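Everything below concerns the one structure shown next.
Protein chains: 2
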Amino acid sequence: MTSTAEAPRPPGRPRSVRAAEAIIEATLDLLAEGSTIEAISVEAIAARAGVGKATIYRRWPGKDALLHDALRTLKGSPPQPAGRSVREDLITLVGAIGHNVDPRAAKIMPCLVPEVKRNPEHYALYQSIVEPRRAVLREVLRRGIRDGELRADLDIEVTMAMLTGPMLIQRVMNWNPDLDVTTLPARVVDQVLTGIRAG
Amino acid sequence: MTSTAEAPRPPGRPRSVRAAEAIIEATLDLLAEGSTIEAISVEAIAARAGVGKATIYRRWPGKDALLHDALRTLKGSPPQPAGRSVREDLITLVGAIGHNVDPRAAKIMPCLVPEVKRNPEHYALYQSIVEPRRAVLREVLRRGIRDGELRADLDIEVTMAMLTGPMLIQRVMNWNPDLDVTTLPARVVDQVLTGIRAG
Numbered sequence: 001m002t003s004t005a006e007a008p009r010p011p012g013r014p015r016s017v018r019a020a021e022a023i024i025e026a027t028l029d030l031l032a033e034g035s036t037i038e039a040i041s042v043e044a045i046a047a048r049a050g051v052g053k054a055t056i057y058r059r060w061p062g063k064d065a066l067l068h069d070a071l072r073t074l075k076g077s078p079p080q081p082a083g084r085s086v087r088e089d090l091i092t093l094v095g096a097i098g099h100n101v102d103p104r105a106a107k108i109m110p111c112l113v114p115e116v117k118r119n120p121e122h123y124a125l126y127q128s129i130v131e132p133r134r135a136v137l138r139e140v141l142r143r144g145i146r147d148g149e150l151r152a153d154l155d156i157e158v159t160m161a162m163l164t165g166p167m168l169i170q171r172v173m174n175w176n177p178d179l180d181v182t183t184l185p186a187r188v189v190d191q192v193l194t195g196i197r198a199g
Numbered sequence: 001m002t003s004t005a006e007a008p009r010p011p012g013r014p015r016s017v018r019a020a021e022a023i024i025e026a027t028l029d030l031l032a033e034g035s036t037i038e039a040i041s042v043e044a045i046a047a048r049a050g051v052g053k054a055t056i057y058r059r060w061p062g063k064d065a066l067l068h069d070a071l072r073t074l075k076g077s078p079p080q081p082a083g084r085s086v087r088e089d090l091i092t093l094v095g096a097i098g099h100n101v102d103p104r105a106a107k108i109m110p111c112l113v114p115e116v117k118r119n120p121e122h123y124a125l126y127q128s129i130v131e132p133r134r135a136v137l138r139e140v141l142r143r144g145i146r147d148g149e150l151r152a153d154l155d156i157e158v159t160m161a162m163l164t165g166p167m168l169i170q171r172v173m174n175w176n177p178d179l180d181v182t183t184l185p186a187r188v189v190d191q192v193l194t195g196i197r198a199g
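Protein sequences appear in the order of chains L and F. The first sequence: position 60 = 60 (full-length UniProt numbering), numbered continuously. The second sequence: position 163 = 163 (full-length UniProt numbering), numbered continuously.
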């Protein structure tokens with residue numbers, strides 16, 4: 001150990017990074033406690049993070065940009081499929097739908113839904129989180145068509161909704177108590193691949 | 001016309017029916033204005049309907065039973081398919097998913113979602129609305145298997161989720177702005193029937 005007359009610098013990342021993290025965490029905590037994205041204010045976030053409003057405005061132009069970064073942090077990066085087979089990649093991607101590592105997401109995400117339809121800016125915020133995930137799924141389907149694993153005439157956007165919808169309605173509202181979310185990804189992918197029409 | 005010395009009876013349905021309707025309407029109005037099913041009280045409903053609490057308890061054992069009837073009234077009866085072809089029946093049923101005649105439903109239903117996962121009684125309430133609709137869909141699929149239109153080995157519960165999920169996520173949160181809900185039912189049904197795997 002070394003002794004010094006100056007106050008020790010806190011270890012690790014620079015102070016501006018720690019302030020940004022505290023601001024993101026404060027935003028997510030307030031949302032998880034029931035603040036709506038409509039009602040949450042930069043003032044409240046600053047107070048909760050223990051920083052001044054100027055610290056927030058130095059990094060984000062406004063509330064929506066901060067919410068965007070906070071929700072992206074909450075959701076994490078879209079999963080990266082292994083790229084060996086379309087079936088395997090689809091099961092990986094479907095399994096990640098609505099799966100949240102951060103427990104605050106289960107409180108925040110369903111409550112966003114009524115708001116995104118009311119407000120175009122909030123809808124844009126929601127889409128900025130969802131579209132990168134859709135893009136990964138779309139690319140796996142396109143690759144499957146190129147490689148001849150999937151029909152050339154398949155309806156890509158509808159197939160994405162068929163893969164996503166069942167997991168979202170199960171994870172968000174447990175739509176059908178007889179469906180187990182752990183086995184659902186493989187069951188959905190296999191049924192989507194095969195179709196239901198007789199022979 | 002007959003004249004009488006007594007006060008005229010109001011025309012139409014008996015008073016008890018009109019009171020019940022006013023109670024249902026008051027419940028739906030309060031929910032549409034933002035009351036949660038957690039917070040809404042029999043007192044508030046009685047006050048809004050202009051009746052005493054005893055009038056409510058004469059007809060319903062408690063709040064949950066009243067909410068059940070109010071939500072069933074809101075959603076209406078499940079649609080009845082024509083029964084000519086599986087494809088046509090599925091398009092009818094998928095088109096009805098998340099479609100609400102009563103504009104209050106668009107305000108009430110999405111806000112129920114965060115609550116149904118928190119509270120087993122509210123989940124039971126939600127399921128009592130959803131299961132009759134699932135039952136109609138399930139019966140069309142079973143009929144399709146019996147008649148040889150659909151594969152005998154199809155995964156019925158998963159197929160129901162594949163048919164329902166896309167419409168619900170589009171109607172409730174406009175999940176993908178590139179999907180038009182008016183053409184989605186036929187596109188979903190055709191893709192579910194055919195499957196996506198290459199010939």
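Yeah, the Cβ is synthetic: ideal placement off N, Cα and C, and Gly gets one too. Model, not experiment: these values are computed from the prediction.
Residue from the options with nearest C-alpha to residue i
| i | options | result |
| --- | --- | --- |
| Glu33/L | Ala46/L, Gly98/L, Arg104/L, Val136/L | Arg104/L |
| Leu66/L | Gln80/L, Leu90/L, Leu168/L, Ala22/L | Ala22/L |
| Met173/L | Ala161/F, Arg138/F, Asn176/F | Ala161/F |
| Glu139/F | Ile196/F, Pro110/F, Val101/F, Gly83/F | Gly83/F |
| residue 202/F | Ala152/L, Val188/L, Gly95/L | With chain F covering only 1 through 199, there is no way to say anything about residue 202/F. |
| Arg118/L | Leu31/L, Thr36/L, Gly52/L | Thr36/L |
| Asp147/L | Val86/L, Ile169/L, Val181/L | Val86/L |
| Glu149/L | Gly95/F, Leu179/F, Gly195/F, Val42/F | Gly195/F |
| Arg58/F | Ala49/F, Asp69/F, Ser16/F, Arg171/F | Ser16/F |
| Asp64/F | Lys107/F, Arg13/F, Ile45/F | Ile45/F |
| Val51/L | Asp69/L, Val94/L, Ala20/L, Gly62/L | Ala20/L |
| Asp69/L | Ile145/L, Lys107/L, Ile56/L | Ile56/L |
| Thr182/L | Asp102/L, Met167/L, Asp153/L, Leu31/L | Met167/L |
| Ser77/F | Gly62/F, Pro61/F, Asn100/F | Asn100/F |
| Ala152/L | Trp175/F, Gln191/F, Pro120/F | Gln191/F |
| Ile97/F | Thr164/F, Asp180/F, Trp175/F | Thr164/F |
| Ala198/L | Asp155/F, Ile145/F, Gln170/F | Ile145/F |
| residue 239/L | Met109/F, Ile108/F, Val116/F, Lys107/F | The requested residue 239/L does not occur in the structure, where chain L is confined to residues 1 to 199. |
| Thr159/F | Leu154/L, Asn176/L, Asp155/L, Glu43/L | Asn176/L |
| Met109/F | Asp155/F, Pro120/F, Ile169/F | Ile169/F |
| Glu38/L | His122/L, Pro14/L, Arg18/L, Pro79/L | His122/L |
| Arg134/L | Leu154/F, Asp178/F, Ala186/F | Asp178/F |
| Arg171/F | Leu193/F, Ser41/F, Gly95/F, Leu112/F | Gly95/F |
| Pro81/F | Leu154/F, Leu193/F, Val136/F | Val136/F |
Beta-carbon neighbours of residue i, restricted to chain F and to distances below 7 Å
| i | result |
| --- | --- |
| Thr194/L | Gly195, Arg197 |
| residue 202/L | Because chain L is modelled from 1 through 199, residue 202/L falls outside the range shown and cannot be assessed. |
Three-state secondary structure assigned by DSSP to residue i
| i | result |
| --- | --- |
| Leu150/L | strand |
| Arg13/L | coil |
| Leu193/F | helix |
| Ala82/L | coil |
| Asp166/L | Reading the sequence as shown, one finds Pro at residue 166/L and not Asp. Looking at Pro166/L - three-state DSSP - the assignment turns out to be helix. |
| Leu179/L | coil |
| Gly199/F | coil |
| Thr4/F | Its pLDDT being 45, under 50, Thr4/F is placed unreliably in this model, and the value from its coordinates should be taken loosely. In this structure, Thr4/F counts as coil in the three-state DSSP scheme. |
Chain-ordered chain F contacts of residue i [CB-CB under 8 Å]
| i | result |
| --- | --- |
| Thr159/L | Gln191, Ile196 |
| Lys75/L | Chain F residues near Lys75/L: none, gap ~15 Å exceeds 8 Å. |
| Arg134/L | Asn176 |
| Pro81/L | Chain F residues near Pro81/L: none, gap ~16 Å exceeds 8 Å. |
| Arg93/L | Looking at the sequence shown, residue 93/L is not Arg but Leu. Within chain F, no residue comes near Leu93/L; the closest Cβ sits about 14 Å away, beyond 8 Å. |
Partners in chain L for residue i, counting only beta-carbon separations shorter than 8 Å
| i | result |
| --- | --- |
| Gln170/F | Ala161 |
| Gly148/F | Ala198 |
| Leu179/F | Glu157, Val158, Ala161 |
| Val17/F | Those do not exist, as Val17/F stays about 33 Å from chain L at its closest Cβ, beyond 8 Å. |
Residues that residue i contacts on chain L, provided the C-beta gap is smaller than 7 Å
| i | result |
| --- | --- |
| Asp155/F | Arg187, Gln191 |
| Val51/F | Ordered by position in chain L, no residue passes the 7 Å Cβ test against Val51/F, which lies about 30 Å from the chain. |
Partners in chain F for residue i, counting only beta-carbon separations shorter than 9 Å
| i | result |
| --- | --- |
| Val117/L | Correcting the residue type first, residue 117/L is Lys in the shown sequence and not Val. Within chain F, the residues near Lys117/L are Ala106, Pro110, Val172, Met173, Asn174. |
| Val140/L | Ordered by position in chain F, no residue passes the 9 Å Cβ test against Val140/L, which lies about 11 Å from the chain. |
Partner residues on chain L for residue i, Cβ-Cβ distance less than 9 Å
| i | result |
| --- | --- |
| residue 284/F | Residue 284/F falls outside the range modelled here, since chain F spans only 1 to 199, and no answer is possible. |
| Asp164/F | In the sequence as presented, Asp is not what sits at residue 164/F; that position holds Thr. Chain L residues near Thr164/F: Gly165, Pro166, Ile169, Trp175, Asn176. |
message = Below 8 Å, how does it come out for the segment 21-28 of chain F and the segment 65-83 of chain F: are there three or more Cβ pairs, yes or no?
response = yes
key: Within the segment 84-142 of chain L, ranges of the alpha helix (DSSP H) (whole runs, at least 4 residues)   = 86-96, 104-116
key: Sequence ranges, alpha helix (DSSP H) only - wholly within the UniProt domain "HTH tetR-type" (17-78) of chain L, length at least 4   = 42-49, 53-59, 63-75
task = Answer yes if the segment 126-136 of chain L comes into contact with the segment 114-128 of chain F, meaning at least three C-beta pairs across the two stretches below 8 Å, and no otherwise.
result = no
task = Could you say if the segment 90-102 of chain L and the segment 133-153 of chain L meet the contact criterion of at least three C-beta pairs nearer than 8 Å?
result = yes
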